[in-house]
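Below is one structure, written out as structure tokens, with a few remarks after it.
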Amino acid sequence: MTARRAGGRSSGLTTVVALAFAWLFVSTLWIVATDQAQYQWDFNTYFLAGKAFAAGDDPYLLASLQKQASQPIDKPFLYPPLTLHVFAAMASMPREAAYTLWLLAKLAMLAGLLWIWHRDLVDLRPAVLTVPFMVLAFNSTLLWDLEAGNVAIFEQFILWCGFAALFRGRNWEFAICVALAAQFKLMPQVLSIALLLVAPARGLKPFLASWAIFGSSLALGALMHPALTAEFFRAAAAVDERGHHTPCLLSLIRDVFDHARGSAAGTSSKTALVVYGLFALAICWRTAEVVLRRHVQERPLPPRFIAALLCIGFAVAAPRFKSYAYVQLLGPALYVLTLPVGSGTPLVDLALICAVFPGIYNPMPAHFLLEVFHDYFPWIAAVILWLRAVGFARTSEPQGEPAASGAGELPGA
206 MTARRAGGRS SGLTTVVALA FAWLFVSTLW IVATDQAQYQ WDFNTYFLAG KAFAAGDDPY
266 LLASLQKQAS QPIDKPFLYP PLTLHVFAAM ASMPREAAYT LWLLAKLAML AGLLWIWHRD
326 LVDLRPAVLT VPFMVLAFNS TLLWDLEAGN VAIFEQFILW CGFAALFRGR NWEFAICVAL
386 AAQFKLMPQV LSIALLLVAP ARGLKPFLAS WAIFGSSLAL GALMHPALTA EFFRAAAAVD
446 ERGHHTPCLL SLIRDVFDHA RGSAAGTSSK TALVVYGLFA LAICWRTAEV VLRRHVQERP
506 LPPRFIAALL CIGFAVAAPR FKSYAYVQLL GPALYVLTLP VGSGTPLVDL ALICAVFPGI
566 YNPMPAHFLL EVFHDYFPWI AAVILWLRAV GFARTSEPQG EPAASGAGEL PGA
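Numbering (the working numbering), first residue to last: 206 to 618.
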């Protein structure tokens with residue numbers, strides 16, 4: 206009787222907590238849907254770039270976007286020229302209709318992404334911490350994505366359709382999906398390395414094919430729009446975003462160098478790029494090495510683990526990773542947090558990741574360090590997860606494919 210009552214209280218608490226955070230998500234969604242002037246600013250840039258492209262202007266110039274806008278524009282267009290054909294088609298619609306359609310499409314892709322994670326990676330049935338995690342994790346990355354209207358959800362849905370195929374041995378489907386997912390931001394193409402880490406003997410040809418598709422799309426864009434391609438690379442090279450909007454390794458290193466030299470943001474030396482390159486190379490090497498070592502020892506890691514490790518390692522090493530891009534880590538983070546690493550409790554990690562810190566104003570000499578911790582907290586959380594996953598790969602025996610849908614709740618739930 207006592208156990209039954211305890212179970213009932215636990216179930217009731219789970220429901221209350223899940224509903225509370227679901228309400229937070231829905232209320233944010235409602236605000237985004239009804240205030241089209243203030244939200245989905247990335248969508249607005251895409252829409253204006255599509256209009257500028259259709260009008261024959263250079264969409265990589267803010268002046269061209271401003272000419273199509275009814276209010277000041279400060280966010281440049283930073284995707285390859287081929288993507289402009291997609292945005293030009295969207296821009297042929299009335300803005301209100303395109304805004305609503307974009308938001309609905311994002312929600313559909315999010316539902317599909319959550320379903321893939323639940324089916325193929327980790328159980329997402331509402332344990333007491335699962336819904337709060339989805340809403341709060343990585344400084345509320347999911348809410349950031351909804352408000353920004355970025356392509357991140359579309360990108361992740363395509364990518365995880367590929368991972369779902371890879372888990373079933375369909376390597377060529379994964380190769381195509383990665384190349385498609387990389388059309389906007391390019392960097393996700395490096396995740397095609399999963400083909401060589403999951404199935405070294407059978408993954409080489411699909412890996413090369415994926416890069417061939419990716420390279421062909423860039424070449425096609427350059428042939429069709431040579432001037433715009435040059436403008437794209439110019440605009441992309443000029444980006445230097447820092448702090449809580451872009452919490453990534455390169456931004457952190459640049460901030461540290463600028464602070465050490467007493468210079469203004471944006472003036473960091475080429476030495477910062479060299480230091481970043483060394484750190485990123487070490488992270489990539491360690492990520493690949495720990496997986497390949499298990500193949501050599503004939504104790505291969507489960508494909509799901511490799512996918513989660515790669516996604517987290519990518520976020521840790523990427524030269525540019527926006528606050529909403531951490532959506533990529535929601536499923537993999539939950540998966541890694543369920544791994545039995547050491548004697549500590551995963552709830553410590555989970556509480557750390559879910560914590561939402563207020564803005565910091567502090568007169569102490571350590572003020573800069575506090576600012577760094579505040580601004581780069583999602584990246585720090587990703588590093589903790591990466592270390593946890595690497596620790597598991599080094600010390601734990603694979604026990605077959607871990608169950609996803611139908612698996613146990615989060616530890617402590």
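Glycine is no exception: its CB is placed at the ideal position from the N, C-alpha and C atoms.
- The alpha-carbon of L401 is positioned some 36 Å away from that of L309.
- Using a Cβ distance threshold of 8 Å, L515 and Y481 do not count as a contacting pair.
- Shown here, N249 sits in a helix according to DSSP, grouped into three states.
- Assigned with DSSP and collapsed to three states, A477 falls in helix.
- Around K527, the same chain offers T451 as residues with beta carbons nearer than 6 Å, after the five sequence neighbours per side are excluded.
- Take L506, set aside five residues on each side of it, and the residues of its chain with a beta-carbon closer than 7 Å to its own are V496, R499, A598, P603, in chain order.
- With contacts defined by Cβ atoms closer than 8 Å, A316 and F292 do not form a contacting pair.
- Between V327 and Y540, the gap from beta carbon to beta carbon is short of 8 Å.
- Buried is the label assigned to A387, since at least 16 other Cβ atoms lie within 10 Å of its Cβ.
- Setting aside the 5 residues that flank it on each side, Y244 is surrounded in the same chain by V237, E352, each with a C-beta closer than 6 Å to its C-beta; the list follows chain order.
- Counting other Cβ atoms within 10 Å of its Cβ, M429 stays below 16 and is therefore classed as exposed.
- Relative to the Cα of A227, the nearest Cα in the group A296, I321, V336, L267 belongs to V336.
- For L401, the three-state secondary structure derived from DSSP is helix.
- Judged by their CB atoms, G367 and E360 are not nearer to each other than the 8 Å cut-off.
- Per the coordinates, the alpha-carbon of G467 lies some 23 Å from the alpha-carbon of R525.
- Counting the other CB atoms within 10 Å of its CB gives T346 a total of 16 or more, which places it among the buried residues.
- Look at the stretch 259–331 and you find these whole runs of alpha helix (DSSP H), each 4 residues long or longer: 267–273, 288–296, 300–325.
- Out of F252, L433, V340, the CA that lies nearest to the CA of A302 is found in F252.
- Taking all protein chains in view, the Cβ of S275 is surrounded by fewer than 16 other Cβ atoms within 10 Å, so the residue is classified as exposed.
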